[in-house]
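These notes concern the structure reproduced below.
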Amino acid sequence: MLGSALLFCLGLKALHEWRASHVLLVNLTHSLPNWAFLLEEGRRPARGDYVFFMPPQNVLVRAHFGEEPRLFGKRVLGMPGDIVGHAGRVVTINGKPVATMKPRTRLGEPLTPGKTGPVPQGCYFAGSGHKDGFDSRYADIGFVCGRQVIGTGVPLL
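According to full-length UniProt numbering, the residues represented by the sequence shown are 1 to 157, in order.
Following this line, the structure appears as structure tokens:
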């Protein structure tokens, strides 16, 4: 009986710890193929992971996503030290095409290309591959660094 109670308590503790670092997210945009993700807070992303982060607060982000900050979810396409390049409108990472830039948003505002060169330490190049994705290919999002990163996600649906 004591063993069962101890096992039950340990199970509750583990469930509580898991719940404290995991959140169910619903994707409201078309830039990712899935609409539900399980977010693991505090996990450092690897290449190909879905990373969830707070975008910079600037005029363009507020115009499209409102005054209240919302999490962005994108794929990690570039890791620290990878080389980001532009070949016309095509964005490359280590010489491989990963996305195409648009000159304007769907509402007509000009889009400024993001930085080229090495991805800084502690930062990631995050993108979706979607033609209308608003991500690291543009200066208004830029590299996703440090405290911006909330965690990584696993697609559920």
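Where a beta carbon is used, it is the ideal one built from N, C-alpha and C, also for glycine. Predicted model, so just to flag it, every value in this text is computed and none were measured.
| Query | Result |
| --- | --- |
| Euclidean distance between Cα positions of residue 124 and residue 102 | 21 Å |
| Identity of the residue in 54, 60, 150, 78 nearest residue 119 by Cα | 78 |
| Assigned exposure category for residue 96 - 16 Cβ within 10 Å defines buried | exposed |
| C-beta contact flag for residue 65 and residue 153 at 8 Å | no |
| Own chain, CB closer than 8 Å to residue 63, minus 5 neighbours either side, in chain order | 107, 109 |
| Beta-carbon spacing of residue 39, residue 150 below 8 Å | yes |
| Simplified DSSP assignment, three categories, for residue 64 | helix |
| Neighbour-count burial assignment, residue 25, 16 or more Cβ in a 10 Å radius | buried |
| Counted within 10 angstroms of its Cβ, other Cβ atoms place residue 87 as buried (16 or more) or exposed | exposed |
| Euclidean distance between Cα positions of residue 60 and residue 139 | 10 Å |
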